[in-house]
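Encoded as C-alpha cells, the structure appears first; notes follow it.
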Amino acid sequence: PDSSYGRYDAPAPVDGRIMSPVTVRKEREPELHIEFDGTTVLCRVCGDKASGFHYGVHSCEGCKGFFRRSIQQKIQYRPCTKNQQCSILRINRNRCQYCRLKKCIAVGMSRDAVRFGRVPKREKARILAAMQQSSTLRAHEQAATAELDDAPRLLARVVRAHYDTCE
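Numbering (the UniProt record's numbering), first residue to last: 1 to 167.
Spelled out as C-alpha cells, the structure:
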C-alpha cells in the first residue's frame, strides 16, 4: 500500500492489540538488546535510525541530545498526564518529555556517562604536556635502569679482558 510510513514505522498488531515495532522485536528476540530492521540498527528509545552507541545504548541523535540536555541541566519534567505510560515513537517522541526521559533510563542510558562540559583547550594542552613529560621521564628511567642492569656484565668483561691480555 502507498503509505508515508516505512515498513517498521507504524505500530503492528500483535495478539489483537497495537504495539510499537520496538516492542514486537523485543518479544520476538528477548535476549537481544539491539533493535534491527534488517538493514539498520534502531534507537532503543523511539525506534528511529540509531546514529551510534550513546550513553550505553544504541540511540538516534534526537534521543542522545535529549538525554544529555536532561541530565546536564538537571531538568525535572512535569509528571505525565496520561498515567506515565506514553508510547515513545519517532513520530511522537517530543510530546511527553517525562515519559521519554523515563524510557531513556529504562532502556539503559547511563546518567554517569554524560559529561558535564568540555575540557578547555588550555587545560587539555597542559594535561597533554604533563603526559608527554611523564612519558619522557619514564623512558629515561628505563634507559638508566637498563645501563645499571648491564654494569656487572660490562665490569666482568673488562676484568676478563684484563686477565686475558695481562697474563
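Note that CB positions come from ideal geometry on N, CA and C, so glycine has one too.
G65 carries a helical assignment under DSSP once its states are collapsed to helix, strand and coil.
Annotation for S110: Y55 and G56 place their beta carbon closer than 7 Å to its own, counting only its chain and skipping 5 residues before and after. The C-beta distance from Y98 to R78 rounds to 6 Å, short enough to meet the 8 Å contact threshold.
Contact between Q84 and K64 does not hold, since their C-beta atoms are separated by about 23 Å, which reaches or exceeds 8 Å. In this structure, DSSP gives V158 a helical state, which the three-state scheme calls helix.
Runs of the beta strand (DSSP E) lying entirely within the UniProt domain "Nuclear receptor" (40–116) and spanning at least 3 residues, in chain order: 52–54 and 57–59.
Across the structure, T145 and R115 are spaced so that their CA atoms are roughly 40 Å apart. Straight-line measurement puts the Cα of A143 at about 57 Å from the Cα of R100.
Pairing T81 with L42, the inter-Cα distance amounts to about 28 Å.
Taking the Cα of L89 as reference, the smallest distance to any Cα among A125, R122, R44 and L154 is reached at R44.
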